[in-house]
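Protein chains in written order, with this note's numbering: chain A, 16 to 679; chain B, 695 to 987.
Built from N, CA and C at the ideal position, the CB exists for glycine as well.
What follows is a short report on a single structure.
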Amino acid sequence: MGREFTVGIGGAAGDGLDKSGDTLAKSVSRLGLHVCAYNSYQSIIRGGHIWLRVRIAEEKAYSHGDHLNLLIALNQDTVERHAREVESGGAVLYNSDRFTCETSLLRDGVVGLPVPVNEITKPLGRVLPIMQNTVLLGALIYLVRLEFDSTVGVLADTFGHKGQAVIDQNVKILRGGFDYAKEHFVPLMKDAWKFSRIRRPFVTGNELFALGAVMAGCKFYSAYPMTPASSILHWMASHGEKCGVVVKQCEDELAVVNMAIGAGHAGVRAMCGTSGGGFALMTEAIGMAGMIEAPVVVVEVQRGGPSTGIPTKTEQGDLNQVFGASQGDFPRVIIAPLETYDCFWCTVEAFNLAEKYQLPVLIISDLLVSEHPETIEPDDLRYDVPIERGELVTEWPSGNGRYKRYANTSSGVSPRVLPGTEGAEYVAATDEHDEEGILISDVFTSPPVRRKIMEKRMKKMELVLKDIKAPVLEGPADAAVTLVGWGSTGGVIREARQLLAAEGIKTNQLQIKYLNPFHSKEVTEILRKSKKIICVEVNYSGQFARFLRAETGITVHDKILKYDGEPFEPRIISEEVKRIVAGKPRDLDVSMEEAREMAYHYIRTHLADAARPTRVEMVKGNSHGEPVWVVEIVKRDTGEKSGELEIGVKTGALHAWQPVAAGR
Amino acid sequence: MATVVELPLETYQGVVEPDWCPGCGDFGVLRALEIAAQKLRLPTKDIFVVSGIGCSSNLPGFFHSYGVHSLHGRAMAVASGAKLANHELHVVITGGDGDGYGIGLNHFIHAMRRNLDLTYIVMNNQIYGLTTGQASPTTTKGHKTKSTPRGNVELPINPVALALVSGATYIARGFSGEAKHLADLIAGGIAHKGFSLVDVFSPCVTYNIVNTYPWFKQRVYKLEDDKGFDPTDTEASFKKAFEWGDKIPIGLFYKSEEVTYEETEPALKKGPLVRQPLTIEKKLFDDLMAEFY
């Protein structure tokens, strides 16, 4: 295993965390290191807690990992909440003009590294508060043994449009931080990195949905703003003109999908994107696309549900919805990208399937794969993508007779003409219709015509199944445990398996990309040989496990489920696997760490953010009918005790707030 | 795109006979659309008629051209997408008052704001006919229907006034009892560059026993006969939009020349999207990739 290092950056929204993280990631990536980052952001523009992790590695990193080697704290809150996550040998880097980092908050072997930002920037004239990030970044370059010039290059590219003076100013500030660290600290990395100098694209899944669409010939993209799908719209909007794409922000998702279907029907490759709530509004039209056999690609980027849910958090909870969208039976393809670069290829393939089989293709993504940035290999993306449009008829001579848009063919695919073609006029209908498109729903009702046209439409799914790749088992065939996942969890499950292998637990993995149609036969054959099947999903009920049972008759032995909004980390999965293998029950109690986080929630909502939790201890005998976590709360400025919170270990209920003044 | 020859009217007739109730106002609208297409010499291959759901939304199936009989309320969106994909098509949307002013109202308003070059014909019978006679968004106050047995308590939508405030650039109202006049209004709408609304009094002879042919015949008068009226005068148009009662105006309420959505959309500068190459230049791909480093 190559070397790796994980940096955490925490602060308030509006502190410019995104920019610093991006500069760091790009600097590192230019040196030929791999980067995988994750931003636990909130849906507020300023204030609030932002937590960004950047994992830097010599070998491909499939997740943001579960280590923390250096914490850059931009506010007091970050120090309090994340300092103890830093592992031995690591450090907390912070602006000492603003706050302090008590050693009591640190684990053994972790040091606090104060940086007097004002003193460093004083000689440089007036400097914006946001520039503290650049000072700390400069110090980080020294601490992590990166290269100063690489970051200078990134800053030059970032601020290029603002002129040389701005670049110079930034570089000076960066230099200030770097020199200060060199003078006062020792590097945290013991050995030098092996810089491969291979330059890799640093991308998000949403960017690749957009780029993949453009490369596949998409000419129409419609959307209504919705997190976490909006960045597809943003990329498309800023590149649409150059790429010849009409980008339409619509009044609602009903318009979004119906416009895309109208465009697809008229002959252009059309796509739209949304999240679960928007997709819920689109459902009727998805059925229309199936019925009128119009090609369309819909990207559904899942976030935490139900309802408005947790808009800026990840989940895989929309599988049931995507399967069940719209009334009746109709052909639909559902694809879940397995990792970032796969978002590009899923989109290319989605357009080909949509046009070859004249049906809606639904790409089910999630916030994690759509929004976290990572480095991919330069040749992961290609210019010459395959484009297959299926059976398109461009001429219809009068000798051909009347054109039958929905001709009953042996394949189920009826050759398509586009509106504007001479002599083949027809009307597509959402009512059931015959081969020509004439309604059989009212006066011309006809059970046999209905039966055959339904069979024709559904038959296409058999062809699609042959056209898409069956999943393969990854890892040793004789493993004790088979981990089954779908979509974006592929990478983190793979890393969890490495951890388990190191502890002597042999596992393999079946990661599902094509959800519909489903390779029931192949999956059954693989899983029938598995000793213990554990399904890993980011939802409450195990939606895929249920689907798997329906498709294969196989009931998984256990499920590892997460629905707190944060993505899986390798160790969470490996620990759960060990628990299941050991036959222990799942522990749903509130942990000490969780009690502390719940205390922060109370402090933010009820104590004006002016306090912080310190001691946490479990008390068993009490009047609440369950053990409680008693969390001591102290004032942030004086450290004076302001009270105690009692949080139920079983229920998570906030049983009591006992302020000191109340005489406790 | 117009051909030189005027085609026989049958050219525009669909293979299937309309299944509307005998005497339905929609027959007059279908005929008027055929006459308008003939008058404008439109080739059938270049006409794209989109409808929603309802009695009147069956119209595309009785007309010979390309089209989509789409979902309830969504015709405008489907049509907008098709128009942006191929703006050389003459895109006509047909439907009823429930479809366009009820479930699809949002799309109607936004399509007008956009000034897409679309022609919207609403067969307004002030009732839900296909579902056997419930109140619609244009049912008059006090009207007793199956769903309002004590009389409708809501105000009706005023489509002309709504179109005026929403940015439509051609606003007309016709009466299916005046097919030739209606045909002129529809032809004017199709020829107009920008969004055109043709709201049509199209009586439901089965379920609306109030707003009948005789009811309208007694009341309607043509705006063209009012020599003092100027449809480019917004204020005058507003006044006419609120005329209702013993005298109800039909004809062209408003017309203005504004830039269309298609004209401002940069991706359409090279011609219809449907004719653009699917692949972008290699140089552009390299530039897009460079942004990721």
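The Cβ-Cβ distance between S42/A and S165/A falls below 9 Å. With contact defined as three or more Cβ pairs closer than 8 Å, the segment 349 to 363 of chain A and the segment 219 to 230 of chain A are in contact. In the DSSP assignment, K263/A falls within the unbroken beta strand (DSSP E) covering V261 to Q264. Minimum Cα-Cα distance from T567/A among the listed residues L542/A, I276/A and P462/A corresponds to L542/A. Residues of chain B with a Cβ closer than 8 Å to the Cβ of R214/A are, in chain order, Y987. Scanning T570/A, S545/A and L83/A for the CA closest to the CA of G557/A turns up T570/A.
In terms of Cβ geometry, V201/A and F235/A do not form a close pair [threshold 9 Å]. The DSSP assignment places complete beta strand (DSSP E) segments of no fewer than 3 residues inside the segment 856 to 904 of chain B at 864 to 869 and 890 to 895, in order along the chain. At least 9 Å separates the beta-carbon of I87/A from that of V142/A. If you look at Y617/A, you'll find it in the alpha helix (DSSP H) that goes M607 to H621. Taking one beta carbon from each stretch, the segment 836 to 847 of chain B and the segment 911 to 918 of chain B have fewer than 3 pairs nearer than 8 Å; the two do not touch. Rounded to the nearest whole angstrom, the CA to CA distance from Q524/A to P346/A is 29 Å. Listed along chain B, no residue sits closer than 8 Å to A40/A by beta-carbon distance, the nearest being about 11 Å off. Look at Q317/A here: in three-state DSSP terms it is strand. The contact set of E447/A on chain B, defined by CB atoms closer than 8 Å, is empty, because the minimum CB distance reaches about 11 Å.
For D573/A, DSSP records a beta bridge to I549/A.
Setting aside the 5 residues that flank it on each side, F932/B is surrounded in the same chain by A855 and L858, each with a C-beta closer than 8 Å to its C-beta; the list follows chain order. Residue burial is scored here from C-beta neighbours: L407/A has fewer than 16 other C-beta atoms within 10 angstroms and is therefore classed as exposed. In this structure the segment 525 to 539 of chain A does not lie against the segment 604 to 618 of chain A, because fewer than three pairs of beta carbons, one per stretch, are closer than 8 Å. Leaving aside the five residues that flank V167/A on each side, the residues in its chain whose CB is nearer than 8 Å to its CB run, in chain order, V186 and L189. For the segment 249 to 273 of chain A, the residues whose beta carbon sits under 9 Å from a beta carbon of chain B are, in order, H254, G255, E256, K257, C258, G259, V260, V261, V262, K263, C265, E266, D267, L269, A270, V271, V272 and N273. With respect to the 9 Å criterion, A231/A and T289/A are not classified as neighbours on the basis of their beta carbons. Rounded to whole angstroms, the Cβ separation of G427/A and K474/A is 3 Å, and the two are in contact under 8 Å.
For the pair K263/A and A238/A, the CB atoms are nearer than the 9 Å cut-off. Annotated as proximal: K547/A and V496/A, with beta-carbon spacing under 9 Å. Of the residues assessed, Q820/B falls on the buried side of the cut-off, its CB having 16 or more other CB atoms within 10 angstroms. By the Cβ test, the segment 360 to 379 of chain A is in contact with the segment 300 to 316 of chain A, since at least three Cβ pairs between them sit closer than 8 Å. Of D92/A, M146/A and G506/A, the smallest CA-CA separation from E584/A is found for G506/A. V229, M230, A231, G232, C233, K234, F235 and S237: these are the residues of the segment 228 to 240 of chain A whose beta carbon lies less than 9 Å from some beta carbon of chain B, given in chain order.
In the structure shown, the three-state DSSP call for H448/A is strand.
From the beta-carbon of V710/B, the residues of chain A found nearer than 7 Å are I453.
With 16 or more other Cβ atoms from the protein chains shown falling within 10 Å of its own Cβ, A351/A counts as buried. Our two residues, P943/B and Y955/B, have alpha carbons roughly 30 Å apart in a direct line. Within its own chain, the residues whose Cβ lies closer than 7 Å to the Cβ of A935/B, once the five positions on either side in sequence are excluded, are N852, V854, A855, L858 and F947, listed in chain order. Under DSSP, Y418/A shares a beta bridge with no residue.
Using a Cβ-Cβ cut-off of 9 Å, V538/A does not count as an interface residue toward chain B, since no Cβ of chain B sits closer than that to its own.
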